[in-house]
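Sequential numbering of the sequence shown, starting at 169, is according to the numbering used here. For glycine and all other residues, C-beta sits at the position ideal for the given N, C-alpha and C. As the structure is a prediction and not an experimental result, all values here were calculated from the model.
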Amino acid sequence: MRKLRRVALTCAITLAAGSSLLAMPVHARQDEAEARSNARDRDHDRGRDRDRDRDDDRNGHHGHGREPIKIKIVGFNDYHGNLQSPGTFGVNTLVPAANRPAVGGAEYLAAYVARMKAQNPNTVVVGAGDFIGATPLISALFFDEPSVETLNRIGVDFNAVGNHEFDKGAAELKRLQNGGCKLTDGVPDPNSCKGLGSNAPGTFDGARFKWLSANVVETATGRTLLPAYGIKSFQGAKIAFIGMTLRGTPSVVTPTGVAGLEFRDEADTVNALVPRLRAQGVKTIIVLVHQGGFQSSPNVGDINGCDGNLKNADGSESDIAKIVARLHDEVDLVISGHTHAAYNCSANTVDVKSVNGAAASTPRPTGLPNREGRLVPVTSASAFGRVLTEVDLQLDPRSHKVLAVRPTNRLVDRTDAAINQAIATDPGVKNIVDGYSALVSPLANEVIGTIAVPLPNSANAAGEMPAGSLIADAQLQATQPAALGGAVMAFMNAGGVRNPGFAFAGASYPYNVTYGNAFTVQPFGNSLVTMTLTAVQLKNLLEQQFVGCQGQTQQRILQVSNGLKYSWRASAAPCAKIVDVVLTPTDVGVTPPVATGAPETIVANGVVQNPAKTYRVTVNNFIATGGDGFTVLVGGTNVLGGAQDIDALTAYFNAGYKSPKLPYDPALPALAIPRITMLP
Numbered sequence: 169m170r171k172l173r174r175v176a177l178t179c180a181i182t183l184a185a186g187s188s189l190l191a192m193p194v195h196a197r198q199d200e201a202e203a204r205s206n207a208r209d210r211d212h213d214r215g216r217d218r219d220r221d222r223d224d225d226r227n228g229h230h231g232h233g234r235e236p237i238k239i240k241i242v243g244f245n246d247y248h249g250n251l252q253s254p255g256t257f258g259v260n261t262l263v264p265a266a267n268r269p270a271v272g273g274a275e276y277l278a279a280y281v282a283r284m285k286a287q288n289p290n291t292v293v294v295g296a297g298d299f300i301g302a303t304p305l306i307s308a309l310f311f312d313e314p315s316v317e318t319l320n321r322i323g324v325d326f327n328a329v330g331n332h333e334f335d336k337g338a339a340e341l342k343r344l345q346n347g348g349c350k351l352t353d354g355v356p357d358p359n360s361c362k363g364l365g366s367n368a369p370g371t372f373d374g375a376r377f378k379w380l381s382a383n384v385v386e387t388a389t390g391r392t393l394l395p396a397y398g399i400k401s402f403q404g405a406k407i408a409f410i411g412m413t414l415r416g417t418p419s420v421v422t423p424t425g426v427a428g429l430e431f432r433d434e435a436d437t438v439n440a441l442v443p444r445l446r447a448q449g450v451k452t453i454i455v456l457v458h459q460g461g462f463q464s465s466p467n468v469g470d471i472n473g474c475d476g477n478l479k480n481a482d483g484s485e486s487d488i489a490k491i492v493a494r495l496h497d498e499v500d501l502v503i504s505g506h507t508h509a510a511y512n513c514s515a516n517t518v519d520v521k522s523v524n525g526a527a528a529s530t531p532r533p534t535g536l537p538n539r540e541g542r543l544v545p546v547t548s549a550s551a552f553g554r555v556l557t558e559v560d561l562q563l564d565p566r567s568h569k570v571l572a573v574r575p576t577n578r579l580v581d582r583t584d585a586a587i588n589q590a591i592a593t594d595p596g597v598k599n600i601v602d603g604y605s606a607l608v609s610p611l612a613n614e615v616i617g618t619i620a621v622p623l624p625n626s627a628n629a630a631g632e633m634p635a636g637s638l639i640a641d642a643q644l645q646a647t648q649p650a651a652l653g654g655a656v657m658a659f660m661n662a663g664g665v666r667n668p669g670f671a672f673a674g675a676s677y678p679y680n681v682t683y684g685n686a687f688t689v690q691p692f693g694n695s696l697v698t699m700t701l702t703a704v705q706l707k708n709l710l711e712q713q714f715v716g717c718q719g720q721t722q723q724r725i726l727q728v729s730n731g732l733k734y735s736w737r738a739s740a741a742p743c744a745k746i747v748d749v750v751l752t753p754t755d756v757g758v759t760p761p762v763a764t765g766a767p768e769t770i771v772a773n774g775v776v777q778n779p780a781k782t783y784r785v786t787v788n789n790f791i792a793t794g795g796d797g798f799t800v801l802v803g804g805t806n807v808l809g810g811a812q813d814i815d816a817l818t819a820y821f822n823a824g825y826k827s828p829k830l831p832y833d834p835a836l837p838a839l840a841i842p843r844i845t846m847l848p
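Here it is in structure tokens:
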């Protein structure tokens, strides 16, 4: 355990290791836990005249005139190894693109955190998951060791485990926690242990912060995979941080990555821990959860907004709101992530509207209701290190209960003069980033092709995204030859098309796409899989894109390759949304692509025309094994493995759209875009 620097106010840290309490079935424990909780509640009530209740404390009625204990929590989420700036970002959508500052980068995160620590030495730095996984080449090529090393220097204390922490499996996550070189064929891999951020060259120290996950349990041992929580103390006041992993992780991670693990209900797990934490004298509980929501309303989505109270567009409760609605009343703050959204549902919430083109800001204290109806502050800090959440917490010096929780989301603005001066004075983190950049640049800067216009990973109303169409075509090209699979169509899951697609802030077009750009969009190292599906299975696969059909929990529109077109009806019932599907055999291995056969109607007016007919279909290994809820694909036959997705993408660019050939342009008629139509 790393030693913490002593400050004027004594600070201590405690970790909860793998626990047999959490090995018990959650619901079986709940009655016992609630009974203990209720008993303590009764004891607590008897002492309220002496100790004050929670509401009185929060209204500032603390004893003896002593100053509150002031603590700062700095939170962020979904870093995804963005050691370098991910581009520009605005505080809300009213800020013109030209006025949005460059943000993020590891050295800037470190400098902003250092500034906040200077304001209050009683500072805890925490994360809500996905610090690693789906990372740019500068981190991924080195097994995400650069991410861990920069996070160490930033000064992170705790991070909840996100779904992407399992991309390479639990054993690799533990290596990143504990240190040691990555082994390939039993020997250290040459891309591991570069030591740029470690204590000695040729080593990797591991994370000095602690990954936390209370609801992930090893099936074989019944113990939590990693510590369930950590406790920090300031002047005797104990603050617990509970780490929670997205319960649905098995549906969004390759099965081998989560083999032997059980993912339990988030709220039940938190509530079961409350009695244990109370018994240790904890009065403040903060949940770090890798689950989230989105702002939704006519407002402009300010980073400190909570538009629509995070309800879904259809008015239903978001995943994060459902969790908070079941939380024990002792939870004081929820720091969330996963959706890559920025929001601040708290005493510092603002509604921002456009008035004659200008931003009009109105304070609106809020939060999300817990099971007692009390509003709990809930925050999220966008993604990629663009935003930090700064929480000013005040505790009663006598009872140690919460007096105030005031979060504020702040841009990690690279144009701040004082921050730039701080980096120049202490370039430690910058030196790590520059070192890895130099190592990766020969590969990262290799030009693989050219695009005529930006190709973002944002989808239109039908669910089609420009970057996704390109990737699906690349995967069809890689598997179209008979010896490589004989595919006639390819599907790409939208979640695997990473930000920003092929759309680069401040770039001029035509734009030369580099291998590093391509890797940022396709960072998972998935392999291609070609299988045979019947016409009925094909329609069922397309139906399974929509909520409520065959277990699908959220809309997941697949990106489709050239030659395939289909329409879906938004108002139709689950499993009855697909209207028409037409396949025109197309050779995508030539530029421009050429139709090689007449159009074939597979589905007409919702009816499969030839149920027994079969088709060779290419997907990646993640969804081939049921990832993203596409269980239909598990029933595919005559399965053939293929190239890695990044290699297919590189080959597609090189063969068809690299100078002196013309750039890739989605307006080219032969590319047959759009391919998906949404009907009312």
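Bridge partners for Y734 per DSSP, in chain order?
The count along the sequence shown starts at 1 and reaches residue 734 at position 566. Answer is V749 and I844, bridged to Y734.
What residue range is occupied by the uninterrupted alpha helix (DSSP H) comprising V689?
Position 521 of the sequence shown, counted from the first residue, corresponds to residue 689. Counting along the chain, the alpha helix (DSSP H) containing V689 begins and ends at Y683 to V689.
With contact counted as at least three CB pairs below 8 Å, one residue from each stretch, are the region 354 to 362 and the region 326 to 333 in contact?
Output reads no: the region 326 to 333 does not touch the region 354 to 362.
Can you tell me the Cβ-Cβ gap for E275 and V597, rounded? I've got them flagged as a contact below 8 Å.
Here the question's residue 275 lines up with position 107 in the sequence shown. Here the question's residue 597 lines up with position 429 in the sequence shown. At roughly 4 Å, the Cβ-Cβ gap stays under 8 Å, so E275 and V597 are in contact.
Between which two residues does the alpha helix (DSSP H) holding M284 run?
Numbered from its first residue, the sequence shown carries residue 284 at position 116. Element bounds for M284: A274 to Q287.
Using the Cα positions of P779 and V747, report the straight-line distance between them to the nearest angstrom.
Start at 1 with the first residue of the sequence shown, and residue 779 comes out as number 611. Start at 1 with the first residue of the sequence shown, and residue 747 comes out as number 579. Each residue's Cα considered, the two are about 15 Å apart.
State the Cα-Cα distance for the pair R737 and M846, rounded to the nearest angstrom.
Along the sequence shown, one-based indexing puts residue 737 at 569. Along the sequence shown, one-based indexing puts residue 846 at 678. Distance between the alpha carbons of R737 and M846 is about 6 Å.
Pull the bridge partners of T115 from the DSSP assignment, please.
Given a span of 169 to 848 for the chain in the structure shown, any question on residue 115 remains unanswerable.
Does E386 come out as helix, strand or coil in the three-state DSSP assignment?
As a first step, residue 386 must be located in the sequence shown, where it is residue number 218. Strand.
Quick check: what's the CA-CA separation for V259 versus L808?
Here residue 259 corresponds to residue number 91 of the sequence shown, with the count starting at 1. Here residue 808 corresponds to residue number 640 of the sequence shown, with the count starting at 1. Using only the alpha carbons, I get a separation of about 47 Å.
Residues in the same chain with beta-carbon distance under 7 Å from G505, minus the five sequence neighbours each way, listed in chain order, please.
The count along the sequence shown starts at 1 and reaches residue 505 at position 337. Taken in chain order, the residues that qualify are N245, D246, A296, G297, D298, G330, H458, G460 and S548.
Given this structure, state the Cα-to-Cα distance separating A572 from Q720, to the nearest angstrom.
Position 404 of the sequence shown, counted from the start, is the residue given in the question as residue 572. Position 552 of the sequence shown, counted from the start, is the residue given in the question as residue 720. Approximately 40 Å between the Cα atoms of the pair.
Can you give me the Cβ contacts of R574 inside the same chain, cut-off strictly under 6 Å, excluding the 5 residues immediately before and after it?
Counted from its first residue, the sequence shown places residue 574 at position 406. Once the five neighbours on either side are set aside, the close Cβ partners of R574 are A515, N516 and D560.
Which residues does DSSP list as the beta-bridge partners of R578?
Indexing the sequence shown from 1 puts residue 578 at position 410. Paired residues: L556.
Could you tell me the distance, in whole angstroms, from the CA atom of P848 to the CA atom of S739?
Mapped onto the sequence shown, residue 848 falls at position 680. Mapped onto the sequence shown, residue 739 falls at position 571. One C-alpha to the other measures close to 6 Å.
Would you identify the three-state DSSP class for D500, choosing helix, strand or coil?
Locating residue 500 in the sequence shown gives position 332, counting from the first residue. Correct three-state label for D500: strand.
Under a Cβ-count criterion, where at least 16 other Cβ atoms within 10 Å of its own Cβ denotes burial, should G716 be classed as buried or exposed?
Here residue 716 corresponds to residue number 548 of the sequence shown, with the count starting at 1. The residue in question, G716, is exposed, as its Cβ has fewer than 16 Cβ neighbours within 10 Å.
For G765, does the count of other Cβ atoms within 10 angstroms reach 16, so buried, or fall short, so exposed?
On the sequence shown, position 597 is the one that residue 765 refers to. Exposed.
Between the alpha carbons of A630 and V776, how many angstroms are there, rounded?
Taking the sequence shown and counting its residues from 1, one reaches residue 630 at position 462. Taking the sequence shown and counting its residues from 1, one reaches residue 776 at position 608. A630 and V776: Cα-Cα distance of roughly 21 Å.
Might you give, ordered along the chain, the residues of its own chain that have their beta carbon closer than 8 Å to the beta carbon of V750, omitting 5 neighbours on each side?
Taking the first residue of the sequence shown as 1, we reach residue 750 at position 582. Closer than 8 Å at the Cβ level, and outside the excluded window around V750, lie L732, K733, Y734, P767, E768, T769 and I770.
For N538, which three-state DSSP category applies?
One-based indexing of the sequence shown puts residue 538 at position 370. In this structure, N538 counts as coil in the three-state DSSP scheme.
Is it true that the region 396 to 406 meets the region 360 to 372, where meeting means three or more beta-carbon pairs spaced less than 8 Å apart?
Verdict: no, contact absent.
I believe A388 touches G428 by the beta-carbon criterion, under 8 Å. Please report the beta-carbon distance rounded to the nearest angstrom.
Residue mapping note: residue 388 aligns to position 220 of the sequence shown, counting from 1. Residue mapping note: residue 428 aligns to position 260 of the sequence shown, counting from 1. About 6 Å; that satisfies the 8 Å criterion.
List the whole-angstrom C-beta distance separating F462 from A509, where the pair is believed to meet the contact cut-off of C-beta under 8 Å.
Sequence index remark: in the sequence shown, residue 462 carries index 294 (1-based). Sequence index remark: in the sequence shown, residue 509 carries index 341 (1-based). That belief holds up - the Cβ atoms of F462 and A509 are roughly 5 Å apart, short of 8 Å.
Using the Cβ count rule (16 or more neighbours within 10 Å means buried), how would you classify P828?
Mapped onto the sequence shown, residue 828 falls at position 660. Its Cβ having fewer than 16 others within 10 Å, P828 is exposed.
According to DSSP, is V293 part of a helix, a strand, or is it coil?
As a first step, residue 293 is located in the sequence shown; it is residue number 125 there, counting from the start. In the structure shown, V293 sits in a strand (DSSP, three-state: E or B).
Report the start-end ranges of each alpha helix (DSSP H) in the region 560 to 637 that is 4 residues or longer and not cut off at the edges.
If we require 4 residues or more, the alpha helix (DSSP H) runs fully inside the region 560 to 637 come out as 585 to 593 and 596 to 612.
For T127, tell me which candidate among Q287, T618, N661 and L536 has the shortest Cα-Cα distance.
Because the chain in this structure spans residues 169 to 848, residue 127 falls outside the shown range and cannot be described.
Out of N250, R376, K569 and N625, state which residue places its alpha-carbon closest to the alpha-carbon of I453.
Taking the first residue of the sequence shown as 1, we reach residue 453 at position 285. Closest option to I453, Cα to Cα, is K569.
Return the chain-ordered list of same chain residues with a C-beta closer than 8 Å to the C-beta of S464, the five sequence neighbours on each side being excluded.
Within the sequence shown, numbered from 1, the residue matching residue 464 stands at position 296. Contacts found: D475, G476, L478, K479, N480 and A481.
Which value, in whole angstroms, describes the spacing of the CA atoms of Y604 and K745?
Counting from one through the sequence shown, the residue named residue 604 turns up at place 436. Counting from one through the sequence shown, the residue named residue 745 turns up at place 577. Answer to the nearest angstrom: the Cα atoms are 48 Å apart.
Under 7 Å Cβ to Cβ from R268, same chain only, skipping five residues before and after it: list those, please.
Working through the sequence shown from its first residue, we reach residue 268 at position 100. Once the five neighbours on either side are set aside, the close Cβ partners of R268 are T256, F257 and G258.
Taking the alpha carbon of H248 as the point to measure from, which residue in I239, I407, A286 and P304 has its own alpha carbon closest?
On the sequence shown, residue 248 is found 80 positions in, with the first residue counted as 1. Of I239, I407, A286 and P304, the residue nearest in Cα terms is P304.
Less than 8 Å between the CB atoms is what I'm expecting for Y546 and N538, so what's the real figure, rounded?
Taking the first residue of the sequence shown as position 1, residue 546 is located at position 378. Taking the first residue of the sequence shown as position 1, residue 538 is located at position 370. In the sequence under discussion, the amino acid at residue 546 is Val, which differs from the Tyr named in the question. About 10 Å separates the two Cβ atoms, so there is no contact after all.
What does the alpha-carbon distance come out to for the pair N288 and K336?
The sequence position of residue 288 within the sequence shown is 120, counting from 1. The sequence position of residue 336 within the sequence shown is 168, counting from 1. One C-alpha to the other measures close to 37 Å.
For the alpha helix (DSSP H) containing Y820, list its first residue and its last residue.
Within the sequence shown, residue 820 is the residue found at index 652, counting from 1. D813 to G824 is the span of the alpha helix (DSSP H), which, as asked, contains Y820.
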